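Below: the structure, in structure tokens.
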Amino acid sequence: MFHLTLSPELKSYCPEYRGAAVLANVTNTPYSEGLWQEIDSFTQTLRASETADSIKQQPAIAATREAYRRLGKDPSRYRPSAEALRRRLLRGLELYRIDTLVDLINLVSLRTGYSIGGFDADKIQGADLCLGVGQPNEPFEGIGRGMLNIEGLPVFRDAAGGIGTPTSDNERTKMGLSTRRILAIINGYDGNGQRLHEAASMTQELLERYAEANGGEIVFFE
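Counting with the numbering used here, you get residues -13 to 208 for the letters of the sequence shown.
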């Protein structure tokens, strides 16, 4: 497992933060029918019960938005990924079908409200990951977004630089069909240990069900 830590700066702004990391050997596929049945079921429930305002009030999403504000970032311009996914469904749009690993992470994020980074573990440089705060002009190529202004965003960094924020992960460490090890990092800005444990267990179970995972390893950090 990677060694995950928080920078003093991030901890001073977000003392409630709790994180979970799931590392597992996997087999990725272009599409999983069973997984998409679960996604479609969640989509129907969301559209029948949620509004744009209620999405923002979901505890994990609200806490992530508050963390952005504390760091000086506008959460309505740089939306946390969990919120962006729910809002997309609420507008009547479908989720993008990427591959099983990405789709699976999206489902956990949708269900829990946690913004989750999904990384190809073999593309991460070194064994240490630190959650800090994005700096002015810090280079970061968001997946499908081009160069992203991460100043004021929480960002995980490996030995080569930023790999993930709650808004977008980096192209450099993104997953693909060749991915054999996944590292999923669940960002709990609400500090709720029970919900974080549930999200980590859900991730592990879905990986076993749809990506032939070996059970893997879960580590909690703060």
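Note that the Cβ used here is the ideal one computed from N, Cα and C, for glycine as well.
Quick caveat, the model's predicted, so the values are computed rather than measured.
If you run the structure through DSSP and keep just helix, strand and coil, what is residue i?
i: residue 31; result: helix
i: residue 173; result: strand
i: residue 106; result: strand
i: residue 133; result: strand
i: residue 50; result: helix
i: residue 88; result: helix
i: residue 24; result: helix
i: residue 189; result: helix
i: residue 60; result: coil
i: residue 4; result: strand
i: residue 75; result: helix
i: residue 203; result: strand
i: residue -10; result: strand
Whole angstroms is fine: what's the gap from residue i's alpha carbon to residue j's?
i: residue 207; j: residue 140; result: 15 Å
i: residue 9; j: residue 163; result: 17 Å
i: residue 114; j: residue 150; result: 14 Å
i: residue 17; j: residue 88; result: 10 Å
i: residue 184; j: residue 65; result: 23 Å
i: residue 67; j: residue 40; result: 16 Å
i: residue 105; j: residue 34; result: 32 Å
i: residue 21; j: residue 77; result: 22 Å
i: residue 127; j: residue 24; result: 31 Å
i: residue 213; j: residue 101; result: The structure shown does not extend to residue 213, since the chain spans only -13 to 208, so no value can be given for it.
i: residue -13; j: residue 7; result: 9 Å
i: residue 50; j: residue 19; result: 31 Å
i: residue -4; j: residue 26; result: 36 Å
i: residue 72; j: residue 132; result: 22 Å
i: residue -11; j: residue 28; result: 33 Å
i: residue 36; j: residue 116; result: 34 Å
i: residue 134; j: residue 125; result: 8 Å
i: residue 48; j: residue 174; result: 11 Å
i: residue 130; j: residue 1; result: 31 Å
Under the DSSP definition of a beta bridge, which residues are partnered with residue i?
i: residue 156; result: 128
i: residue 140; result: 119
i: residue 101; result: 173
i: residue 168; result: 10 and 106
i: residue 150; result: 142 and 155
i: residue 39; result: BP columns for residue 39 are empty, so no partner.
Please classify residue i as buried or exposed, where buried requires at least 16 other C-beta atoms within 10 Å of its C-beta.
i: residue 182; result: buried
i: residue -6; result: exposed
i: residue 200; result: exposed
i: residue 191; result: exposed
i: residue 44; result: buried
Would the beta-carbon of residue i fall within 8 Å of that of residue j?
i: residue 56; j: residue 3; result: no
i: residue 91; j: residue 170; result: yes
i: residue 46; j: residue 176; result: yes
i: residue 148; j: residue 136; result: yes
i: residue 204; j: residue 159; result: no
i: residue 14; j: residue 153; result: no
i: residue 144; j: residue 112; result: yes
i: residue 12; j: residue 197; result: yes
i: residue 42; j: residue 138; result: no
i: residue 107; j: residue 168; result: yes
i: residue 193; j: residue 202; result: yes
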